[in-house]
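Just below is one structure, and these are the notes that go with it.
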Amino acid sequence: MNEITERLNFAIRLALEAGRHSMAYFKSTEIGLEFKEDRTPVTRADREAEEMIRDRLLSECPDDAVLGEEYGEKTGITGYKWYLDPVDGTESFVRGVPLFGTMIGIEKDNEPQIGVIYFPALKEIIFAAKDEGAKFAIGVDGLNNSFETSPARVSQTASLSDATLSSTDILDFRSLGMYANFSEIMKLIKQYRGWSDCYGHYLVATGRLDAMIDPIMNVWDTAPLLPIIQEAGGKYSDLAGEVSIHTGSSLSSNSLLHEQLLNLLKA
Numbered sequence: 241m242n243e244i245t246e247r248l249n250f251a252i253r254l255a256l257e258a259g260r261h262s263m264a265y266f267k268s269t270e271i272g273l274e275f276k277e278d279r280t281p282v283t284r285a286d287r288e289a290e291e292m293i294r295d296r297l298l299s300e301c302p303d304d305a306v307l308g309e310e311y312g313e314k315t316g317i318t319g320y321k322w323y324l325d326p327v328d329g330t331e332s333f334v335r336g337v338p339l340f341g342t343m344i345g346i347e348k349d350n351e352p353q354i355g356v357i358y359f360p361a362l363k364e365i366i367f368a369a370k371d372e373g374a375k376f377a378i379g380v381d382g383l384n385n386s387f388e389t390s391p392a393r394v395s396q397t398a399s400l401s402d403a404t405l406s407s408t409d410i411l412d413f414r415s416l417g418m419y420a421n422f423s424e425i426m427k428l429i430k431q432y433r434g435w436s437d438c439y440g441h442y443l444v445a446t447g448r449l450d451a452m453i454d455p456i457m458n459v460w461d462t463a464p465l466l467p468i469i470q471e472a473g474g475k476y477s478d479l480a481g482e483v484s485i486h487t488g489s490s491l492s493s494n495s496l497l498h499e500q501l502l503n504l505l506k507a
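Quick note: the sequence shown uses our numbering, first residue 241, plus one each step.
If you want it as C-alpha cells, here you go:
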C-alpha cells in the first residue's frame, strides 16, 4: 500500500470518528456556542473534533504538517499537509440542520491529493485520491470502517437553461461587488437551490447538482474539494478560473458548464 492510499484510509477513519464525536452535540443544549472575532460561530464540537484529529495525527503522522480552522498551523517535514475543518457548516449545525460535514484534505508537495467529506447526520461520505477516482457511500454510521461504495460522477447537463445551481450565501456576491454577475446567471439557469457549504459541492460531485459557487472560502474548505470534484469528472477553480485552493473562492461544476459560468462571473 502506497503513502497516498495509507493516508486516504486514515483520513476516512478520522473523518468518521470526528463526525461521530460531533453528533454527540447535534441538537444538544450543551454545544457551547461562541462567536469568533469575525462573528462566525464555533462550538464545542468544532474544537473537540479538531483536537481529536490532531492528537491522532500527532501519533500516526507526527512529521506531517497540519492546518485547521480552530487551532492554526503545525509545520512538518514530509511534504504532506493536512487541512481540517471538523464541522463545515457550523451555522447549520447549531440550528439543527443536518447538512454539515467533517472535511479533511491532504496535499503532497503543495499539490492537492486527497479529499474526504463525511456527513454524520446524513450518514453519507465521499472521498477521492488523485488519479484514483471519487467514491461515495450512504448509510455510513461512523461505527464501521467497512461500507459499500459507488463511483461519484458529475452530471451531463450541458446548457445553463437546463442547469440547477447553488451557492452558500448570495449576500457574499453583494459584498464582493458581484451581485450583477450573480443576477445574470440566475436569469439563464433552470433553477436555483440554496444547498450550502460542503453539501452543495458534494451534490455536484455526485451528479445531483450541476454547479456550486462559493465567492468566499477558506483553504481548509477548498483543499478537500479540488480532488473530489476533479476525480468525479468535474472542474474546480476559483471564480477567476485559477485552479488553486489558496485564492479564497470556488466554483465546482460538471465541467460542461464551467467556462460559461466563469465568463459570466468575470464579465
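Every residue, glycine too, gets a C-beta built ideally from N, C-alpha and C.
- With a cutoff of 8 angstroms on beta-carbon distance, Leu256 and Asn385 are scored as near each other.
- Closest in C-alpha terms to Gln431, from the list Leu405, Gln500, Glu290, comes Leu405.
- Under the DSSP assignment, Thr408 falls outside any beta strand (DSSP E); it carries neither an H nor an E label.
- Given a length threshold of 4 residues, the stretch 354-401 has no whole run of the alpha helix (DSSP H) inside it.
- C-alpha of Pro338 to C-alpha of Ala463: approximately 22 angstroms in a straight line.
- Taking the Cα positions, Leu501 is about 17 angstroms away from Gly473.
- Burial is judged here by how many other beta carbons sit within 10 angstroms of a residue's own beta carbon; Arg294 has at least 16 and is buried.
- Take the alpha-carbon of Asp325 and the one of Ile429: they are about 31 angstroms apart.
- For Ser407, the CB contacts under 6 angstroms within the same chain, skipping 5 residues up- and downstream, are Ile453 in chain order.
- Under DSSP, Phe275 forms a beta bridge with Pro281.
- By the Cβ neighbour-count rule, Pro302 is exposed, with fewer than 16 other Cβ atoms within 10 Å of its own.
- Apart from the 5 residues on each side of it in sequence, Leu505 sits with its Cβ closer than 6 angstroms to the Cβ of Asn421, Leu479 in its chain, given in chain order.
- Annotation: the continuous alpha helix (DSSP H) that includes Asp461 extends over 459-471.
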